[in-house]
Amino acid sequence: MAPALYWIRRDLRLADNPALSAAAQDGRPVIPVYIHAPDEAGAWAPGEASNWWLHHSLEALASELAARGVPLVIRHGDSLAALESVIEATGAEAVHWNRLYEPALIRRDKGIKQQLRSRGLEVHSHNAALLHEPWTVQTGTGGDYKAFTPFWRACRRHPEPMAPLPIPGHLTAPAGIEGLNGALEPSDKGNAPLTALQLLPRIDWAGGLRERWQPGERGAARRLEDFLEAALAAYDEGRDLPAVAGTSRLSPHLHFGEIGPRQIWQAVQSTLARHGAEDGLLHGAEAFLAEIGWREFAHHVLYHHPDFPDAPLNPRFADFPWQADPGGRLLGAWQRGETGIPLVDAGMRELYATGWMHNRVRMVVGSFLVKNLRLPWQDGEAWFWDTLVDADLASNSLGWQWVAGSGADAAPYFRVFNPVRQGERFDASGDYVARWIPALARLPARHRHAPWQAPDGVLADAGLTLGVDYPHPMVDLKASRQAALAAFEQIKKPS
């Protein structure tokens with residue numbers, strides 16, 4: 061049989077991979093091809109942390125394929141031209157891929173599908189990334205949902221997600237496929253070994269990432285297993301505590317398709333069946349699956365509102381009076397974790413060191429940027445995009461528009477997170493702050509979230525001089541909250 065081409069994008073796994081399974085159907089030889097074409101994502105080409113993860117995930121996938129006797133073909137450049145080149149070299153008669161939902165990539169894929177079909181090829185796209193396709197979950201009037209709770213209820217009324225597909229039992233490659241990879245030379249920019257993609261940073265800042273993450277399908281499976289056994293039962297409460305390992309940390313694995321939501325769904329159901337209907341486990345499972353649903357909601361919103369990453373869903377916020385920031389002084393202090401507000405700074409330092417931040421803290425640092433500093437949510441969205449290993453266009457956009465009050469199911473604008481009270485409530489011992497801001501570790505726990513309120517003697521005993529060892533707060537939390545609310549009143553008035 062003529063070979064089938066499996067075009068790899070963000071589906072870097074072998075199990076529950078509809079495109080791979082379809083390509084390998086009936087024992088047909090398979091050509092797995094990854095094409096590096098970041099420019100085709102438009103303004104949202106992957107950031108530095110994403111590129112680091114992508115390199116190691118591709119490396120892991122190539123190893124899994126090689127163990128089955130199937131080389132991974134890597135190309136660089138225009139996707140259509142690369143596909144046509146491989147098709148011509150191998151005589152492939154079918155092309156399969158798993159769908160992506162970003163606006164620029166939807167347009168690209170539609171064009172490629174049309175071009176390849178016009179040449180007589182069999183071309184199919186598949187769903188590997190979502191429980192339900194965005195066009196299948198609709199309101200009673202046929203529209204899309206703007207609020208999560210009714211959206212998730214509608215999803216739960218759908219049939220249970222299909223069972224995950226196994227790894228194809230027998231993968232074969234056509235003869236001569238090894239020759240499709242070559243050195244990245246100026247005269248031959250199509251062929252590219254992994255190292256030639258230059259995904260790893262030239263300056264090695266990724267030590268913290270290497271310590272904490274294992275990109276690839278095996279790392280995803282191990283993280284899911286550990287979470288289900290150790291943290292699912294306490295998830296409903298533990299997910300809010302940044303100092304404990306209470307969350308799954310599966311978000312980067314999900315983004316890169318090293319694990320799929322159907323696999324997670326089945327694993328949760330299996331855990332419930334194995335341990336019985338314990339109240340804590342049931343509550344934890346429902347809360348965790350709702351977080352998978354929130355990710356689903358983000359992709360549905362992006363699909364129906366293609367300008368969502370750039371423009372507020374609520375058009376009133378297009379006229380919001382943001383604060384001027386000459387030279388980027390305010391934004392820079394926030395990015396570096398030098399605002400003088402401990403919970404905010406701890407979160408931003410965790411992000412820079414590990415490529416990840418606890419979700420509760422993401423809400424706090426986002427609220428501080430948008431409301432206390434009154435800087436555009438797009439500035440925070442761009443920084444997260446470059447520094448998060450789980451940077452996902454749909455989830456990142458939904459999160460930032462949620463905290464800004466301008467998006468789908470958004471928090472009311474007048475809800476301003478107080479980082480001191482959030483810290484006292486969810487990091488009562490101050491352990492999270494102490495971990496990421498060592499200068500505050502010697503303070504008693506009750507002062508770690510507001511060191512400027514500590515008596516001079518307490519500061520002296522801790523060897524802490526504010527303004528030297530740790531910054532003074534860059535804004536007054538109460539006054540900046542009032543200024544944010546006053547700014548919001550301006551866009552509430554009719555024009």
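If you read the sequence shown in my numbering, its first letter stands for residue 61, the second for the next number, and so on.
Don't be surprised by glycine CBs; every beta carbon is placed ideally from N, CA and C.
Small disclaimer: the values here were computed from a predicted structure and weren't measured.
- Per DSSP, the beta-bridge partners of A154 are A64, E182.
- Taking the CA atoms as reference points, R506 sits about 35 angstroms from L349.
- With a cut-off of 8 angstroms on Cβ pairs, the segment 399-413 is in contact with the segment 490-497, counting three or more such pairs.
- For H364 against P194, the beta-carbon gap comes to about 7 angstroms, under 8 angstroms, which counts as contact.
- Using a 10 angstroms sphere on the CB of P515, the tally of other CB atoms stays under 16, which defines it as exposed.
- The beta carbons of P479 and V424 sit closer together than 8 angstroms.
- The beta-bridge partner set that DSSP reports for Y94 consists of I68, I134.
- Counting along the chain, R355 sits inside the alpha helix (DSSP H) bounded by residues 339-364.
- DSSP places M423 inside the alpha helix (DSSP H), whose first and last residues are 419-427.
- Taking C-alpha positions only, D452 is separated from A384 by approximately 28 angstroms.
- Using a Cβ distance threshold of 8 angstroms, P98 and V133 do not count as a contacting pair.
- Restricting attention to alpha helix (DSSP H) runs no shorter than 4 residues, the segment 244-311 encloses them at 267-272, 277-290, 295-298, ordered along the chain.
- For D487, no alpha helix (DSSP H) run applies, since DSSP gives it neither H nor E.
- I263 counts as exposed, since fewer than 16 other beta carbons sit within 10 angstroms of its beta carbon.
- Of the residues N456, E162, W354, the one whose Cα lies closest to the Cα of P366 is E162.
- Within a 10 Å sphere around the beta-carbon of H218 sit fewer than 16 other beta-carbons, which makes this residue exposed.
- Assignment of L526 by DSSP, reduced to helix, strand and coil, places it in the strand class.
- For R167, the secondary structure class from DSSP, reduced to helix, strand or coil, is helix.
- Cβ contact annotation for H360 (same chain, cutoff 6 angstroms, sequence separation greater than five): P194, in chain order.
- The C-beta of S308 has 16 or more other C-beta atoms within 10 Å across all chains shown, which makes the residue buried.
- D300 and Q482 have their C-alpha atoms spaced approximately 10 angstroms apart.
- Secondary structure of D439 (DSSP, three-state): helix.
- Here the segment 258-275 lies against the segment 413-432, with 3 or more beta-carbon pairs under 8 angstroms apart.
- N241 has its alpha-carbon roughly 25 angstroms from the corresponding atom of R177.
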